[in-house]
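Below you'll find the structure, written out as structure tokens, and then a few comments.
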Amino acid sequence: MAEGVEPASRRAPRALVFDSGLGGLSVLAEIRRLRPDVEIVYAADDAAFPYGKLSEPALVARV
């Protein structure tokens, strides 16, 4: 194993919270409350809110 690289089995779990403009911060807070051991990556994109009105190709290109 490369020096300085920790095996995945010993690393903290990681979660991605993708916030498209509504509710992401409350989801983030709940994950932190329930699983303080999880490393969280938070990505927010409220410029294209709401995503529900985008076509599938536009959404795929955006994300």
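Position 34 (the sequence shown) corresponds to 38 in the working numbering; numbering is contiguous. Cβ atoms here follow ideal geometry from the backbone N, Cα and C, with glycine treated the same way.
C-alpha distance - residue i paired with residue j, whole-angstrom precision
i     : j     : result
Val21 : Glu43 : 11 Å
Ser24 : Ser30 : 13 Å
Lys57 : Ala33 : 27 Å
Glu7  : Arg14 : 15 Å
Val9  : Ala47 : 25 Å
Arg36 : Val45 : 12 Å
Which listed residue (the options) has its alpha carbon closest to that of residue i
i     : options                       : result
Asp49 : Val67, Ala19 and Leu38        : Val67
Leu26 : Ala51, Val64, Arg36 and Pro17 : Ala51
Pro40 : Pro11, Arg18 and Leu63        : Arg18
Write down every uninterrupted run of the beta strand (DSSP E) in the stretch 18–59 whose length is 3 residues or greater and which is fully enclosed by it, in chain order.
Here the runs fully enclosed are 18–23 and 43–48.
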